[in-house]
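For the first sequence, my numbering assigns the number -13 to the initial residue and increments by one for each residue that follows.
The C-beta atom is built at its ideal place from N, Cα and C for all residues, glycine as well.
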Amino acid sequence: MIETINKRIDLFISSIDGISKDSVQIILNKFSTSISEDLDKGHLTTNVCMIAASVLKLNPKELAKELKDNLDDLDIFKDVQIAGPGFVNITLHKKEFVSVLNKIIKENKSFGESNIGAGRKVQIEFVSANPTGPLHVGHGRGAAYGDAIGRILKATGSFVEKEYYINDAGRQIDILTASVILRVIQNKINNFFPQKAYKGDYIDSIGREFISKNKIEYGDIDFIDKDLSSDPEEEMDQIILKLKELDESIWSSVKTFSLNSIIESIKNDLEDFNVYFDNWFYESSLGDLKNESSEISKSITKLTKEGKTYKKDGAIWLDTESAGDDKHRVLVREDGRATYFASDVAYHKNKIDRGYDDLINVWGADHHGYIKRIEASIDAIGSKKEKLIVKLVQFANLFKNGKSVKMSTRSGEFFTLRELLEDIGSDAARFYYLSKQADQHLDFDLDLAKSDSKENIFYYIQYAHARIFSLEQKYKEMYPKLDTNIEAIEKDLYKKCDSLIHEISKYPHIINKSARTLQPHIIIFYLRDLSQLLHSYYNDNHVLSESKENMQSIILCLSALRQVISNGLGILGISPMQKM
RNA sequence: GCGCCUGUAGCUCAGCUGGAUAGAGCAACUGCCUUCUAAGCAGUGGGUCAGGAGUUCGAAUCUCUUCAGGCGCGCCA
């Protein structure tokens, strides 16, 4: 219907006396015809006259009058009104207005899906937490967000691949390995344990699990805690070196075991959080510089051949400043080892070679300073930095019993995602993570998420769904044949559902907007408004004592509403409740 | 110092490609359970949209600036 109107508006604008082609284009690009906020503004509304007026320096109300006359001729609308500064509000014939209900019955679970992203191949990389410990509640937000936009983009026609990048190649994996070994042999070296080693309980469990199947037996190990630097970071590096030299094979089997164990537990946590990845990309698969045919070597060679790199102070640099970074960045260190940045350049080259149209990276907000250099590297390898869309996710502040829960990975005291899931469940957790724009600070109140009050929007929406579900069951008992039909509403005999139908009809637009802006939270706010209307309706109208004809229409309408809530929650990875 | 994010009702937040009286929940105060789930509904009060300037017919929304808060600025990962 909106398209019909827009075609008409298109003709109308083009036919304005003396209008230039450019002006027509500007106006047509800027105006919008949408479903009205409320029914007192008609079913549909367009701002085209105000847009046109500002471009053409005309009076918006005069223009609106002309458009109204023009649309009145059509006779496909019940009413056309001019309102406010120049809005044109359109009221549809009842049959047209109500047709969305039939559409929902027909499309069911897929109502709200579209093809606005058709033909686009999108990759979303998210979570990508270092495999050195369990996921904590900070990672949870990125997980919920990345997964939700994946579902939303898929529902709007894009081809989506979700990927987790595993940093399994850096120093932190050495620290992890050393930490596990030291825990096991701690009692033989005077209970020595370095300050910079990982201290969480999971280190002990990995160690115990390892020695239950393998052995860690060394010869003389007295020297391990001797002659160490007083600098904690240097001390850690010295210990890593000693352990590696002591027994290469123990080192590498503990390393593999620890890594696998942690990755496995991360996968489990994510699955229980209803987050699934299509690919798990290992940083180590990019190879290293010693191997000339590794991806990391090839990407640096390519940049060098094309004159994008230069040597200075013994290191190889990339000019990232020209792309807006505040300084140049090192790819290969003085000692010949690649930097983390070099891996990332190779990784992004790999992604681009895989042929995606859009690369969405979901990063913690603390990485924002990293965006420019990655963009610069994408340009440097001959692609376009516009392909990269970085979505920053701000920290979530967790509150329990009114107090902020502090997190610190090093000390091993942090609120894990696992604990959160056990506390409030996956659905409520996802819901609250997604309830605010990702790039803004989130105060996550655990007590609220479990509370029974209206303040708990999660239950408020679920309650609306459950109420309708229960009504449907009762209606089935009364009329086992379940003959719903739309007649009473179509014939305008029962008007009380109109505001519900109007709100329901906005759903597909909400999904599209959410996909365009990559903002899942607008779905949540929409569902809250929709639930509010339902609760209000429910209180004012006793459905099951209506006439049969009305009841048939009402149940049809409420079922449609329930379907929309179900679809809306579903697209966020949340299951609707049938009972509460 | 530079960069990014934020500042809207007492609290937690929507609204931001400029548009119709600035919204919601909580908290405060009033009402509504012999009827389909009261985890609900209806109502009242509460705002210099951080301050200032500018652009515009029109600014919470765009620009500049000041103030306040958060985060980031390694040949770490």
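- Counting only unbroken stretches of 3 or more residues, the beta strand (DSSP E) elements lying wholly within the stretch 122 to 156 are 145 to 152, in sequence order.
- DSSP places D330 within a helical segment (H, G or I) once states are collapsed to three.
- As for any beta strand (DSSP E) of minimum length 3 sitting wholly inside the stretch 410 to 487, the runs are 428 to 431, ordered along the chain.
- Rounded to whole angstroms, K7 and I(-1) show a C-alpha spacing of 10 Å.
- At the C-beta level, I447 and F267 stay beyond 8 Å of one another.
- H334 and M36 have their C-alpha atoms some 45 Å from each other.
- Here G310 carries a coil assignment [DSSP, helix/strand/coil].
- E48 is not bridged by DSSP to any residue.
- Under the DSSP assignment, E281 falls in the alpha helix (DSSP H) whose first and last residues are E281 to K291.
- With respect to the 8 Å criterion, P180 and E220 are not classified as neighbours on the basis of their beta carbons.
- Comparing alpha-carbon positions, the option among K499, D213, S545 and Q423 lying closest to I90 turns out to be S545.
- When the Cα atoms are used, I248 and A452 turn out to be separated by approximately 39 Å.
- Around the Cβ of K422, a 10 Å sphere holds 16 or more other Cβ atoms; the residue is buried.
- Going by beta carbons, W237 and K230 fall inside the 8 Å limit.
- V74 sits close to T32, with the two beta carbons spaced by under 8 Å.
- Note that the C-beta distance between L272 and S329 is below 8 Å.
- Nearest C-alpha to I13 among I171, P494, D(-4) and E257: D(-4).
- The continuous alpha helix (DSSP H) containing R359 extends over residues I357 to A366.
- In terms of Cα proximity to I62, the closest of L428, F83, T118 and A104 is F83.
- When only Cα atoms are considered, R416 and Y523 end up about 28 Å apart.
- According to the DSSP secondary-structure assignment, A301 is paired through a beta bridge with K298.
- Classified as exposed, Y204 has fewer than 16 neighbouring CB atoms from the shown chains inside 10 Å of its CB.
- M566 has its alpha-carbon roughly 30 Å from the corresponding atom of H495.
- Annotation: I138 to S216 spans about 52 Å, alpha carbon to alpha carbon.
- The C-beta of Q549 has 16 or more other C-beta atoms within 10 Å across all chains shown, which makes the residue buried.
- By a beta-carbon distance limit of 8 Å, V113 does not contact G98. Their separation comes to about 26 Å.
- Taking C-beta separations shorter than 6 Å and ignoring five residues to either side along the sequence, the partners of K492 in its chain run I21, following chain order.
- In the DSSP secondary-structure assignment, I346 is bridged to I110 and I375.
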